[in-house]
Amino acid sequence: IGTRLVLVGHSIGCYMILEMLKRNPELKVLKAVLLFPTIERMAQSPQGKVMTPVLCQMRYLAYLPVFLLSLLPGAVQALLVRLVLSGISSLDQCVVQSCVELLSGDCAANSMYLGGQEMRKVLERDNLTIEKNLDKLIFYYGAADHWCPVTYFHDIRRDFPQGDFQLCDKGFRHAFVLDAGQEVA
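So the sequence shown is numbered by the working numbering: it starts at 14 and just counts up by one.
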């Protein structure tokens, strides 16, 4: 009953945290840490402009190849994932297994559907919820985040000068979990 929460979200998880705070104001949240927060204008971001057509209109084209990949043995799937991610020099090996699990037909279809919904639903920043919970929120933006450009950081900091907004100076990218999970933690 008296449980107090510290919430940590990344990317769309930050949007979900703000939704939780809005829908359940009685939640006893001490702090919410929002990492690389995609809480506004997702489809207008540089990455959103590329991915919106893919996730909203062309995702159906991916279903057959993903289904065929899911029929391959796990070792072959892992090899293909390593090949695709070979450009990441310090790839965390637990990422490979997670990516293999994403190749299940239902998981991939649901992920692409969720991505399409994000592009359609995450439009305007929820200033009212942020204002009501500003003392609980810590925002951590990436300096080179293509999902959440640095202009979004400057905009929110301007609109809420008393808030806790930090800009990453360590060069972590939006998908930091692929190669810098330990450092961010």
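Note that the Cβ used here is the ideal one computed from N, Cα and C, for glycine as well.
Query, Result
"Gly61, enclosing alpha helix (DSSP H) - first and last residue", "59–69"
"Best match in Asp158, Ile151, Gln179, Gly176 for proximity to Leu47 [C-alpha to C-alpha]", "Ile151"
"Nearest-angstrom Cβ-Cβ length linking Val21 and Leu34, presumed shorter than 8 angstroms", "Contact flag wrong, Cβ pair sits at about 14 angstroms."
"Unbroken beta strand (DSSP E) run spanning Gln179, endpoints", "177–180"
"Through-space distance from Ile52 to Tyr6, alpha-carbon basis", "Nothing in the structure corresponds to residue 6, since the chain is present only between 14 and 198."
"Extent of the continuous alpha helix (DSSP H) to which Phe80 belongs", "72–83"
"Extent of the continuous beta strand (DSSP E) to which Phe152 belongs", "150–154"
"CB contact flag (His159, Pro50, <7 angstroms)", "no"
"Residue range of the unbroken alpha helix (DSSP H) whose run includes Val135", "First-last for Val135: undefined, no H or E at that position."
"Rounded straight-line distance, which links the Cα of Asp172 to that of Leu81", "48 angstroms"
"Cut-off 6 angstroms between Cβ atoms - residues of its own chain near Gln179, not counting five sequence neighbours on either side", "Tyr153"
"Segment contact, 8 angstroms Cβ cut-off, at least three pairs: the segment 91–100 with the segment 111–119", "yes"
"Sequence-distant residues of its chain with Cβ nearer than 8 angstroms to Cys69 (five each side left out)", "Gly129, Met132, Arg133"
"Cys161 to Gln90 span [Cα, whole Å]", "31 angstroms"
"Min CB distance Ser83 to chain B below 7 angstroms", "No chain B is part of this structure, which consists of one protein chain only."
"Proximity below 7 angstroms, CB of Leu31 to CB of Thr142", "yes"
"Where Gly26 falls: helix, strand or coil (DSSP)", "helix"
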